[in-house]
Amino acid sequence: MARLLELRRACTGYGQLPILHSADFHIDEGEVVALLGRNGMGKTTCLKAMAGWLGLWSGQHLWRGADISHKYKRGGVARYLARDGLLLIPEDRGIFARLTAEENFHLIAGQKQKAEMELRFPELRDKWQTMGDGLSGGERQILSLARALSVHPSLLLLDETTEGLSPRVAERIWQILDELRKAGQAFVVVDKNWQRVATLADRVLFLAKGQIVESVTGNELRAHPEIAERHLGL
Amino acid sequence: MFLRSATRRNSVRQAAASDASHESFTRLRNLASRWRDGPAPLVFLLPPLLVATWFVPDYDLQRLAKFLIFAILAMGLDFLAGRGHLVSLGQAGFFAIGAYSFALLAGTCDGEPLLSLLLGMLVAGLIAGGFACLAGVPALRTRGVYFLMVTLALGQMVFYALHDIPLFGGSDGIFVCASPRAIEVLSLSGSRVYYLMTVASFGFAVLLFWCLRRSFFGTLLGASATAEVRLAALGYAVLPIRLAAFTLVGAVAGYAGALEAMRFRFVNPELATWHLSGLLLVMVILGGRNRLWGAVLGAALVIGLEDLLVYWFPDHWQIGIGVLAVVVALFLPNGVLFFARRLSFRRLGVWLVRQKESPLR
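Protein chains in written order, with our numbering: chain G, 1 to 234; chain R, 235 to 595.
In structure tokens, the structure reads:
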């Protein structure tokens with residue numbers, strides 16, 4: 001399977017504070033990868049580095065086999081990757097508060113995709129004119145997913161996928177992700193619910209202190225829950 | 235009695251809500267509100283402005299023209315500050331650049347007077363836009379208060395350049411050296427032509443900013459205001475979007491500057507003072523941010539109040555504007571337009587009925 005994205009000995013952080021130390025991993029086409037770890041271990045930082053929101057201090061950032069870590073200026077990597085089909089849905093869902101749902105959607109998608117996504121996510125149907133800050137957490141997440149999926153991304157990064165959502169909405173999100181997996185969509189998911197993640201992901205990476213400390217398959221994790229207990233401190 | 239009819243009306247409304255026709259009603263209402271925020275009020279505003287041409291004395295026409303020029307400027311600033319959160323204190327600089335460009339260029343073209351004046355105005359706009367583009371490249375790399383300070387500094391640079399370079403006539407300023415035939419158009423007997431040009435420019439500016447607000451470009455500018463990283467994460471570069479908006483608004487300010495130069499056929503560095511930029515900001519805040527008609531209402535309020543207050547307190551009229559600004563900021567933080575929106579005949583009716591039914595009376 002073709003390699004989509006790879007980080008080699010990647011180090012980065014905020015200001016003077018290093019968060020990610022020498023992270024080494026890769027994501028293949030059509031693969032579902034989960035990132036697990038305790039709070040403050042660098043999951044979000046890792047996603048931001050993958051999407052180019054944070055530049056690497058050292059190491060290599062490979063996208064479709066080409067090193068892009070030094071190819072673009074500040075902010076350019078994120079833009080290049082977004083145009084080339086890598087989309088990050090951040091913890092706050094990336095919805096603009098002062099634009100309507102429709103305007104938010106049309107930032108990257110067209111009319112045809114809107115009709116398509118309305119069929120796929122009927123909960124959006126009467127929400128198009130609502131302002132971004134008037135949407136509920138679940139609606140934001142679904143709008144964000146719909147927007148991302150409308151451009152057929154090659155890799156989707158989902159930070160804290162179900163954080164702050166009611167169990168029913170969370171279940172709907174998991175359902176959508178299951179469908180995506182069956183459709184062969186590659187994505188990286190970060191979530192607290194490791195049991196659910198284990199049933200979804202092909203591969204689960206555990207992060208501790210800015211490094212990938214263990215990599216197991218979803219099946220292995222389901223068979224040996226003590227792995228999760230060890231790394232998540234349950 | 236009132237209550238019963240109200241409940242009946244509510245039940246009728248609920249029945250309508252379940253009906254399919256409700257959807258078309260909502261759509262109609264959305265359309266109406268979109269047009270109210272759009273150019274529809276022009277239909278009510280333009281006829282009186284046009285009729286005024288023949289019935290209002292020259293001095294008041296001048297004041298009306300001043301209001302229209304400031305409304306154009308304030309609409310531009312509101313597009314930047316309200317939509318894009320780019321609060322600029324340098325708009326007067328571009329306004330003055332447009333005015334001076336027009337003053338120096340108007341004489342070079344001796345063709346059909348009206349056409350040459352129009353051409354001069356457009357060229358003045360282009361020159362101001364060019365300066366805005368040059369100034370925007372460094373200025374737009376800053377944010378918030380820093381952007382405010384940088385634009386303030388740019389405006390002051392324009393002021394001192396106009397003040398100190400001999401070509402621009404120092405603090406005395408220069409006269410607009412239009413061709414004799416063009417001067418005739420602008421002279422007292424022809425001041426109505428000038429006024430009509432201003433009204434037309436105002437109408438075009440309303441349509442321009444309405445289209446910009448509705449356009450995808452307006453959406454992008456609004457998005458860039460709150461979250462740049464998110465916009466970059468969707469594949470957009472923020473600087474070009476902001477630069478385009480800054481340039482365009484600078485060009486419109488330059489065009490308004492040309493109109494202002496024509497008003498007295500005379501320009502001086504006072505046009506570039508930061509007081510003027512500040513006054514524009516006050517207009518935007520008074521009227522209501524991020525609304526097409528908020529800036530126009532603000533301009534009308536400030537210019538109108540200036541007339542009244544100068545009449546009453548010739549020496550301290552600015553205190554009145556200051557007090558109004560404080561009152562609006564405290565009690566109507568969304569501006570006067572927002573307050574006006576909430577006043578409607580239905581609310582007035584409800585209020586009157588309540589007064590009648592009040593047990594205290």
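Beta carbons: idealized from backbone N, C-alpha and C, even for Gly.
Item to complete: State yes or no: is the beta carbon of valine 463/R nearer than 8 Å to at least one beta carbon in chain G?
Response: yes
Worksheet item: If you draw a straight line from the alpha carbon of proline 18/G to that of glutamate 91/G, how long is it in whole angstroms?
Response: 21 Å
Worksheet item: For the region 557–579 of chain R, which residues have a CB atom closer than 7 Å to at least one CB atom of chain G, in sequence order?
Response: none
Worksheet item: What's the C-alpha gap between aspartate 292/R and alanine 286/R?
Response: 10 Å
Worksheet item: Leaving out five residues before and five after leucine 4/G in sequence, what residues of the same chain have Cβ atoms less than 7 Å from its Cβ?
Response: Ile27, Asp28, Glu29, Arg64, Ser154, Leu155, Ala186
Discussion item. I'd like to confirm the pairing. Which residues does DSSP put opposite tryptophan 63/G in its beta bridges?
Written reply: Leu5/G, Ala66/G
Discussion item. Counting only Cβ-Cβ distances shorter than 7 Å, please list the residues of the region 72–105 of chain G near chain R, keeping chain order.
Written reply: Gly75, Ala78, Arg79, Ala82, Arg83, Leu88, Gly94, Phe96, Ala97, Arg98, Leu99, Glu103
Worksheet item: Using the beta-carbon of each residue, which ones in chain R are nearer than 8 Å to isoleucine 108/G?
Response: Leu468, Gly469
Fill in: Euclidean distance between Cα positions of phenylalanine 328/R and histidine 21/G
50 Å
Worksheet item: What is the DSSP secondary structure of threonine 217/G, reduced to helix, strand or coil?
Response: strand
Practice prompt. Give a yes or no on whether 8 Å exceeds the smallest Cβ distance from alanine 487/R to chain G.
Written response: no
Worksheet entry | Residue from His152/G, Thr44/G, Arg222/G, Asn193/G with nearest C-alpha to alanine 183/G | His152/G
Discussion item. So leucine 316/R contacts chain G; which residues on that side make the cut at Cβ distance below 8 Å?
Written reply: Note that residue 316/R corresponds to glycine in the displayed sequence, not to leucine. Those do not exist, as glycine 316/R stays about 10 Å from chain G at its closest Cβ, beyond 8 Å.
Worksheet item: Applying the criterion that 16 or more other CB atoms from any shown protein chain within 10 Å of the CB defines a buried residue, is leucine 596/R buried or exposed?
Response: Residue 596/R lies beyond the residue range present for chain R, which begins at 235 and ends at 595; the question has no answer from this structure.
Practice prompt. Could you tell me which residues DSSP pairs with aspartate 28/G in its beta bridges?
Written response: Arg3/G
Item to complete: Going by DSSP, name the residue or residues bridged to arginine 203/G.
Response: Val33/G, Thr217/G
Worksheet item: Taking buried to mean at least 16 other C-beta atoms within 10 Å of its own C-beta, is methionine 1/G buried or exposed?
Response: exposed
Practice prompt. Report the option in Leu54/G, Ala82/G, Arg83/G whose CA atom is closest to the CA atom of serine 69/G.
Written response: Leu54/G
Fill in: threonine 376/R at chain G interface by Cβ criterion, 8 Å
no
Worksheet item: Taking three-plus beta-carbon pairs below 8 Å as touching, is the region 43–57 of chain G in contact with the region 155–174 of chain G?
Response: yes
Discussion item. Can you confirm whether threonine 241/R, when its beta carbon is compared against all beta carbons of chain G, has any partner nearer than 8 Å?
Written reply: With a pLDDT of 47 at threonine 241/R, under the threshold of 50, the predicted position of this residue should be treated as unreliable, though the coordinate-derived value follows. Closer than 8 Å: no.
Practice prompt. Could you tell me whether the Cβ of alanine 479/R comes closer than 8 Å to any Cβ of chain G?
Written response: no
Practice prompt. Throw me the rounded Cβ distance for the cysteine 496/R and valine 410/R pair, which I believe falls under 8 Å.
Written response: Strictly speaking, residue 496/R in this sequence is methionine, with cysteine absent from that position. Indeed, because the Cβ distance is near 7 Å, the residues count as touching under 8 Å.
Practice prompt. Verify the CB distance criterion: does glutamine 113/G have a CB-CB separation below 8 Å to chain R?
Written response: no
Discussion item. Does the CB of alanine 529/R have a neighbour CB from chain G at under 8 Å?
Written reply: no
Worksheet item: Is tryptophan 53/G close to chain R, meaning its C-beta is less than 8 Å from at least one C-beta of that chain?
Response: yes
Discussion item. For glycine 370/R, would you say it is in contact with chain G, using Cβ-to-Cβ distances shorter than 8 Å as the test?
Written reply: no
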